[in-house]
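All residue numbers for the first sequence refer to my numbering, where the first residue is 231 and numbers rise by one. Ideal placement from N, C-alpha and C gives every residue a C-beta, glycine not left out. Comments concern the structure below.
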Amino acid sequence: MSLKNISLKQKLRQALEKAAQDYQPLPSFEIERAKIRAHGELATNLAMILARQQSVGENKKNPQTIAQDIISKLNDQNLDWMESISVAGGGFLNFVIKPSAWQEELKTILESGEDFGKSDEGQGKSINIEFVSANPTGPIHIGNARGGPLGDALASLLKTIGYDVTKEYYVNDVGGQIDRLGESILYWIDEKDNPEAPGPAKDSNCYQGEYVKELAQIALRELGEKISDMVSEVEPSSDPSTGSGCPASLIKVLGKFGIKTLLKQIKDDCDLMGITFDSWVNEKEILGSGKTEAILKALIEKNVTKKHEGALWLADASNELLNDRECVLEKSDGRPTYFANDIAYHVEKYKKGYDRLINVWGSNHHGHVPRVKAAVQSLGYDPEKIETVLYQYVRVKRGNDAVKMSKRGGNFVLAREVLDEVGRDAFRFFLLMRAPESHLDFDLELAKSQSQENPVYYVQYAHARLCSIMKKAAQQFKEQGIELKDHEIPDLKSLNLPEELEMIRVLLEYPEEILRAAKKLEPHRISFYILEVAKMFQSYYSKAKTDDRYRVLSGSIDSVKAKLYFCRSIQHTLASGLKLLGITAPTEMHHEES
RNA sequence: GCGCCCGUAGCUCAGUGGAUUAGAGCAUUGGUCUUCGAAACCAAGGGUCGCAGGUUCGAAUCCUGCCGGGCGCACCA
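Here's what the structure looks like:
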């Protein structure tokens, strides 16, 4: 990194490290924006951390004393960008930086362009991130849809900090659930002349919900003759196991058809959410390729299994991850469980050489996490490579009534319904506004009736306003015959209003925010960040009504150019943050009549 | 019963890398459009950070125990 590109915070850090070099070993310390401007612009807890570290013996050192010592050493360095240093509170060192230094650093935003916010933290290491992976036995509902924007935004964040990211969807297209889906469709085929039928019995294994009825209609349309042929072959008690007097082969056909159709719908829903995957892995292929079988064999050889009541169990008392929670790998009928396939699937990912494996799962899968880790550990893979982001399901309300979601119960809200109602941008932003582990309330009435209040509009409005100013500026310059070059960097010394300097500080924090959000796997930090930027700008903008110094397009030509440059920097940062979250940054917004 | 997550303003939630005076949006109340977009701005009220202990100079943040809510604990996936 060239010296020129070192940020003010980095310069301050270096200066502090030099000033505190007598206190070894130097602990890690933080430099952040002071919460209250009156204290200063930047602050560090260095003195307080040192005081604690130095107090191990009898000589208790006062943070204030250490702070004073550091100040005098900093003063010896004659830092030309430092305005003033003070001590406050329990020993905080507060700094005020010269405006010229901030103005200079502002230039890094537009000079970096598309690279602003990027870093090489990831060093090109590879990450596989698996998300959505909704079972193709039903459409994506608002509950598991949360994993979509979450995984997608995480992938973008990790790319931004220099990882090579593969986005993957694992399709659970194996198992008894497919027959159940087939049976469920069959019910509605049998009742095709009776649309008011009550639906399959609640205590049956059938999937509830309107979508099954729709599937039956599609099936009748697309493979009508085939079905009627098969139905005509039915004999009353041909297959007692299904309890419906229908041949197992018809159920299989319908189940397969249902999975195929639903998977297509899921892909469409992902498109609507603005999500694309680099890789689709089918459980069926894992199973069919013999990989599961090989895994089971390997586990048996490792002596971490046992036979019990005809089934094969993973049982490794020495493995703390498993925590004595034994689980079935192969059922007594000889078929592997999804767990066995899942182990094979994860082993495949290890074999592909990924450096990190991230699973974005609904919180109901939390019990599954240690078991998969235990199994791969038994097979000699590093379980630490697997990281799991567990998100709480979205709680859907209709007014005051909570709606319990269940793919089987049928009483759920489709992701598509919400998407159609509020649009992709609001949909994504809303789901990305909360920490993954936080419960998220989605009141449909509220979302539908008051979607205008969604914060996403606030951010987009700020962005559109900035674009509008720039458009107007271009027009104004043209009329005045002034040429405005794209890459011209104006003199920024007129940018010295407190709000301007404060906003420069915030804008320059963007790369750190990205780094932290990516490291902690918490995209919602970016939502809050761009909201803060938008808010600061809206406030700044509004001041122009009563104070001409805040007007962008008035004053001297140099001042106008500087303010425009400032506005472009804000617009650039907002657009970048929105793009990271997969949300559009419109250049203009249109009023909807209410 | 065991495990994971959550409990912060009336509501929905940030903050949980200990640290300067605990924040935001919505809602409520009161102001602000002849001027770069009022989908906006400004101001006010509103909090024993679930409870109780502990560690610390300092705890919403760390530890322990309880209480309340959600979710798991299948030869389903």
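- Per DSSP, the unbroken beta strand (DSSP E) holding W510 starts and ends at S509 to N512.
- Counting the other Cβ atoms within 10 Å of the Cβ of S757 gives 16 or more, which makes it buried.
- In terms of Cβ geometry, A703 and L804 do not form a close pair [threshold 9 Å].
- In the three-state reduction of the DSSP assignment, N549 falls in the coil class.
- Note on the stretch 524-604: whole alpha helix (DSSP H) runs with a minimum of 4 residues are 568-581, in chain order.
- Counting C-beta atoms within 10 angstroms of its own C-beta, N402 has 16 or more neighbours from the protein chains shown and is therefore classed as buried.
- M663 carries a coil assignment under DSSP once its states are collapsed to helix, strand and coil.
- Per DSSP, the beta-bridge partners of Y400 are V511.
- Rounded to whole angstroms, the separation of the alpha carbons of D788 and E718 is 12 Å.
- Annotation for M312: no alpha helix (DSSP H) segment contains it, though the beta strand (DSSP E) segment containing it runs M312 to A318.
- CA-CA distance, A747 to Q622, rounds to 18 Å.
- Ranked by how close their Cα comes to the Cα of D459, the residues H576, L480 and A570 have L480 in first place.
- Contact between the stretch 652-672 and the stretch 487-506 is present: three or more C-beta pairs spanning the two stretches fall below 8 Å.
- By the neighbour-count criterion, in which a residue is buried when 16 or more other Cβ atoms sit within 10 angstroms of its Cβ, A764 is buried.
- Minimum Cα-Cα distance from Q690 among the listed residues I800, A677 and H598 corresponds to I800.
- Remark: C-beta atoms of G321 and A249 do not approach each other more closely than 9 Å.
- For the pair of segments examined, the stretch 507-524 was found to touch the stretch 382-401: the number of CB pairs separated by less than 8 Å reaches three.
- Cα atoms of E560 and V395: separation of roughly 33 Å, rounded to the nearest angstrom.
- Taking C-beta atoms as the reference points, L725 and P329 count as a pair closer than 9 Å.
- Contact check for L661 against P379 passes: the beta carbons are separated by less than 9 Å.
- In the three-state reduction of the DSSP assignment, I301 falls in the helix class.
- By the Cβ neighbour-count rule, Q353 is exposed, with fewer than 16 other Cβ atoms within 10 Å of its own.
- By the neighbour-count criterion, in which 16 or more other beta carbons inside 10 Å mark a residue as buried, I573 falls on the buried side.
- Burial state of H595 is exposed, judged by a 10 Å Cβ sphere holding fewer than 16 other Cβ atoms.
- Using a 10 angstroms sphere on the CB of I266, the tally of other CB atoms stays under 16, which defines it as exposed.
- Ranked by how close their Cα comes to the Cα of D345, the residues I315, L387, N324 and S363 have L387 in first place.
- By the C-beta density criterion, Q705 is exposed, having fewer than 16 other C-beta atoms within 10 angstroms.
- Between G429 and Y417, the alpha-carbon positions lie close to 8 Å from each other.
- Around the C-beta of P425, fewer than 16 other C-beta atoms lie within 10 Å, and the residue is accordingly described as exposed.
- Closest in alpha carbon position to W591, among I525, V624, D585 and H820, is V624.
- In the DSSP annotation of this structure, the continuous segment of the alpha helix (DSSP H) that includes R243 starts and ends at L238 to A249.
- Take the alpha-carbon of G454 and the one of E578: they are about 40 Å apart.
- Sequence-distant Cβ neighbours of L445 in its own chain, meaning closer than 7 Å and more than five residues away, are I415, G488 and T491.
- Residue state for E271 is assigned as coil, using DSSP reduced to three classes.
- At a Cβ-Cβ threshold of 9 Å, W332 and L246 do not count as neighbours.
- Straight through space, the alpha carbons of H693 and A478 are spaced by roughly 58 Å.
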